[in-house]
Amino acid sequence: MRRPGSIESMAELEVQHAAHRGEVARRLLTELRPYRGMLTVAMVFIAVGAGAQSLAPYLVSRAIDRDIGHRDLLGLAGTMGALLVVYLVGAFAQREQTRRVGAMGQRVLAVLRVRLFTQLQSLPLAYFDKRSLGDLMSRVASDVETLNQFFSQGLTQLLGSLIGLVGILVTMLVLNAPLALACFTIIPVMLATTWLFAARARRAYRKTRETVGNVTAELQEEIVGVRQAQAFNRTEMNIERFRQRNAANRDANVAAVGVTSAFSPAIDVLSALSTALVIGYGGSLVLAGRLSVGMLAAFLIYVQQFFRPVQLAASVYTLMQSALAGAERVFAIFDEPREPADIPGAHVLQRVEGNLEFDRVSFHYDPANPVLRDVTFQVRRGQTVALVGKTGAGKTTVASLVPRFYDVTSGTVRLDGHDVRQVTRASLRQQLAMVLQEPVLFSGTIADNIGYGKPDATREEIEAAARAVHAHDFIAALPKGYDSVLGEGGSSLSQGQRQLLAFARAVITDPRVLILDEATANIDTRTEALIQQALATLLAGRTSIVIAHRLSTIRTADLILVIDAGRVAEQGTHDELLRHGGLYADLYQRQFRESQPVRSTG
Amino acid sequence: MTDRQRPGQSKAGVKAVGRALGYLRGYRWDTGGALLSILLLSAANLAAPQLVRRAIDGGLAKMEHRTLMLAVAGMVALAAARGLFTFFQGYLAERASQGVAFDLRDALFARIQRLSFSYYDQAQTGQLLTRLTNDVEQVRTFVGSGVVQVVASAAMLVGCAVLLLALNPILAMGALGAIAPILWVLKSFVARIGPLFGQGMILLSKLSTVLQEDLRGLRVVRAFSGEARETARYSAINDELLGQSLQAIDAMSSNFPFVGLFANLGTLVVVGLGGVLIFKDRLTLGELIAFNSYLGFLLMPIMTLGFLAAHLARAGASAVRVFELLDTAVEVADAPGARELPPLEGRLELRDVRFRYAGSEREILRGVSFVAEPGQLVAILGTTGAGKSTIINLVPRFYDVTGGSVLVDGHDVREVTLASLRGQIGVVLQDALLFSGTVRDNIAYGRPDASMEQVRAAAQAAQAAEFIEALPGGYDTVVGERGVGLSGGQRQRLAIARALLTEPRLLILDDSTSAVDAETEAAIQGALDRLMRKAGCTSLVIAQRISTVRDADLIIVLDEGRVAASGKHEELLATSELYNQILGSQLQPAAAMEAAS
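Those protein sequence lines, which keep their order, are chains A and B.
For what it's worth, the numbering used here labels the leading residue of the first sequence as -1, then goes sequentially.
For what it's worth, the numbering used here labels the leading residue of the second sequence as 22, then goes sequentially.
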């Protein structure tokens, strides 16, 4: 089976190689701006550390040449004292810089996380309609994690190794230019090697990302679908298919390691070659009397120190690449236009009566595919309007325009004569409540969930709300009552009970307008009776928009809108529409006639 | 199943890691090769300073150009050998560890495919996924690097120490004494960082729970203006995570520099004490430099061992979780000596069937008996919790009865093989699940070798052909999570086509459709009718529609796990109050309407 996802992610990677990268890197750096002071201090410590690192081998060489060569015990003691100071300063500097750079990275990351969360909270619903939740979740998690790895490991190493490298190069040149230059001849070879390996490794790892994605996708699907698999006798076949993907992933990883595990030996060999170069060429210089033995020993240490940052830099490079890729996707989310803010001068909507009006309302995501076209209707306060129509006809969209989950593309939605776009969102939504078909509850106690829309609600108010929707009895029967914690595995509430909690949550805010996506699924007859009663409480005296499935709701509605392909095909009361003999009458016949013969025989 | 590391857990963790290491036996050549390579590598590393010493003492001190050049040539050769050994060590160790990961995933996947429904009643998808991905990866990294690194580090440590002692015992004692505190620093570091890692994992998973709830409940959050509170909830955990990360950084920054410092003190002792020894002619300059190099070699293995110890706790926790899943018993499996079920006539009998979920006090079914003759349609009716779904789950052995027996054509379902039993039963579950793949793949799910004609015929019979042909790619349209979205009603019809295609002798279906519009409902109804009346096929249906019960050959009315009444529609209408009550609640609106008009 083809998985378009992997192709998509490949394409995403390709974008990475385009010009964006410099831009993304610059932007990531601007995130560090608030920590300029901290970063400056850290840089000073890094420089001090690098200085100490370069100075130590020099002191060792001085000990060998001057003190040991001249058998100067006092001198040796002095040099050793100096060396001790240098080592202590170095350790202190390292401690200070690790702490500062690390803390800075974690702070930046914490800020980015909250900003990302806030941004997701502020994006228009249309953004989420186009994306799969699982995808978004894993992207957010893994992208932030790559940044974390970069900040927690990469950044210190990058800064440290760059400064250290410069320090060592300068020191070597100062101490002995010819020998230093001879050592440097290795640099181009090393750069070429690194570049060559990096390109191959990138290709190999891209392949592993793809195979690992396949394995994860298959796992996810097969875990969710395990009941189907057993019902259809697919167990053995699925095991065999997974085995193939699993093996492909193993092989891709082994192949990738074939490339990377050749890299570090290659650098090792180069490092050994330069050691040999130092001893060979440096040795000749010593024999010719142009270099001291101590200096030769110092150079040996410098060459070793010189390769360590280079090796680190190679691993930092990979970290940086994936961090940039992650940062780019995070920034892409930041750049998504937010839900438009309240217009300047938007006024606070005072408590409304609940007169609702749709005036020639149209809505579309893209102009070629209109979702709603010229929807016009009016509901007076306290009335119930039932939306009826096929799946995908636009019922949910109509309901979503009132709380401004989307803004109309033309026309106007008015509440008590106020255009909903002219008032503040908060004051608008405060007067609305919503109950969805699938009740959404949050982890926390039952009381928290009921008081969700009114965080300052007292326990009395919460209980009153629960009583009003007939939820009090089952809540009180739970071992911890209102303090029972939902979620985290322990949620043993039935679908009907969860729905009653959602009702209680709606009723506690005493909304003027109620939006209800009626649920009929998975609820037994007895709970259903409770829900019907609760519904009556909920609807009493409130303007309601109901996406209706139940005949009882539809029949008693003050207005029925039959939505078909984004238009209001018919509107009127049940009797009017039946008499009219159009679409509604047709739907009604098909759905509900079944029951009549039974009633007549019974 | 938390990531918290309790003291008792670490022992179990070490044991589990040991068990994971046992998987290396399957890759003994790769493992052996990696070990050999790393031992040779250590030897080559230890030999290098000897050549440096020779170059200095033999070449430079005695002004012998040839000795110097020989030593240099030796160094280059040694470097090449070292490169080769490094490569083989890395490559072979990875091959072995990837092999172990493959074996673990393969075994885990087979296990999750076979685990019974009762397991999935409690399991969470996310957690299972984590075990097969992150946990296996943790174990793999540790197994791959672990053994090889421990052996290499130990060899390096012992080799270096021996060489140092042989070169100059006094100097060696001094240098080793100077770097000994490193062990103590690392030990305190490992003790501090382990719990911090664990806390970090917990906080991260809390963060993602909040994010998930927030995104899933997006509309509710916004409708109730809950954005600020959601952000506060997220920020609070995020702050906690930041605090924990800063502590981890503090642990690192106050330990690692001291490791370096003590290593440097070793150099200080070597040069200082070594210098004095040279004064007394008890050491040569070359020896001193070689000595210093060996000291450098000591540092790496010590760090490696510390690093491994810090990760052992994490790998241990992962290994425990992996093996916990691997060791979960499969409750429903073929009995020893289970026979193949011969082609069915279609007679189904429940004989005093009792059922109780594992760990539950309550008996869901309390002695249910009935018989469906071949070709009959049996409808089950009852309130929620009466045990309707349980009955249909017992026939294909999604669960096993806790008392009594289920018989098909007189065979107890527990005495035949699962494959031959399920192969003859068609099931339409309440949740019409689609797999990513084409429409055709989805219909042919239970019979992947079905021809296009057969698939088309099944779609037609399920009244799905029309909408399928209207899809952009027809039967080749990709559906599922990333494909074209289908409505609930369309998914349900695909599920019906899927069941039809297997040509079952016994059909089991849950007729409780979710909220769909009237037109879709009519189409589904038509498809189901077609399915249930398929020639000769015995059907067992959880009924919600009056049309279904009206035509049923037998209606079983369940109440609290018992058969309260059974018979045909007319009989039950006349005799069973419960039956009238259940049907009545469905009819109420219509009745009210009739009364009103």
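Glycine included, every Cβ here is placed at the ideal spot set by N, Cα and C.
In the three-state scheme derived from DSSP, where H, G and I count as helix and E and B as strand, A:E568 is classed as strand. With fewer than 16 neighbouring CB atoms inside 10 Å of its own CB, A:N367 falls in the exposed class. Between the stretch 201 to 216 of chain B and the stretch 292 to 299 of chain B, the count of Cβ pairs shorter than 8 Å is below three; the stretches do not touch. Contacts with chain B at 8 Å (Cβ-Cβ) do not include A:E208. A straight line joining the alpha-carbon of B:G467 with that of A:Y125 spans about 36 Å. Contacts with chain A at 8 Å (Cβ-Cβ) do not include B:A196. When the alpha-carbon of A:R97 is set against those of B:N276, B:R418, B:D355 and B:V183, the nearest one is in B:N276. Rounded to whole angstroms, the separation of the alpha carbons of B:V164 and B:L42 is 6 Å. Non-local beta-carbon contacts of B:A330 in its own chain, meaning distances under 6 Å to residues more than five positions away in sequence, involve V211 in chain order. With a threshold of 8 Å between beta carbons, B:R250 makes contact with chain A.
The DSSP-derived three-state label of A:G67 is coil. When Cβ-Cβ separations below 8 Å define contact, B:G221 makes no contact with chain A. Taken atom to atom, the span from the alpha-carbon of A:G415 to that of A:N353 is near 8 Å.
In this structure the stretch 158 to 172 of chain A does not touch the stretch 222 to 231 of chain A; the number of beta carbon pairs closer than 8 Å is below three. Residue burial annotation: B:Q602 is exposed, with fewer than 16 other C-beta atoms found within 10 angstroms of its C-beta.
Contacts with chain B (Cβ-Cβ distance below 8 Å) from the stretch 212 to 229 of chain A involve V213, T214, A215, L217, Q218, E219, E220, I221, V222, G223, V224, R225, Q226, A227, Q228 and A229, listed in chain order.
The residue among B:T423, B:L369, B:K409 and B:I270 with its C-alpha nearest the C-alpha of B:Q397 is B:L369. Under the 8 Å Cβ criterion, the stretch 316 to 323 of chain B counts as touching the stretch 281 to 289 of chain B, having at least three qualifying pairs.
Collapsing the DSSP output to three states places A:L347 in coil.
For A:D63, no CB of chain B lies under 8 Å from its own CB, so it is not counted at the interface with that chain.
When DSSP assignments are scanned along the stretch 428 to 469 of chain B, the uninterrupted stretches of alpha helix (DSSP H) that are 4 or more residues long and fall wholly within it turn out to be 439 to 443 and 460 to 464.
In the three-state reduction of the DSSP assignment, A:Q497 falls in the helix class, which pools H, G and I. Taking 8 Å as the CB threshold, B:A491 stays off the interface with chain A.
Judged by pairs of C-beta atoms under 8 Å, the stretch 69 to 79 of chain B touches the stretch 304 to 313 of chain B, as three or more such pairs exist. Taking 8 Å as the CB threshold, B:A76 lines the interface with chain A. Chain B places no beta carbon closer than 8 Å to that of A:S360, leaving this residue out of the contacts. With contacts defined by Cβ atoms closer than 8 Å, A:I529 and A:L385 do not form a contacting pair. Distance from the CA atom of A:G165 to the CA atom of A:S159, rounded to whole angstroms, is 10 Å. Counted as a single uninterrupted DSSP element, the beta strand (DSSP E) harbouring B:R583 occupies residues R583 to G588. The Cβ of B:Y141 sits closer than 8 Å to at least one Cβ of chain A. Annotation: the continuous beta strand (DSSP E) that includes A:F361 extends over L354 to H362.
Contact annotation: A:T191 and A:L268 have beta-carbon atoms nearer than 8 Å. Chain A places a beta carbon closer than 8 Å to that of B:G467, counting this residue as a contact. Distance between B:E592 and B:G582, taken at the CA atoms: about 21 Å. Among the CB atoms of chain A, one or more fall inside 8 Å of the CB of B:L99. If the five residues before and after A:V566 are omitted, its C-beta is found closer than 6 Å to the C-beta atoms of V373 and L559, all from its own chain and listed in chain order.
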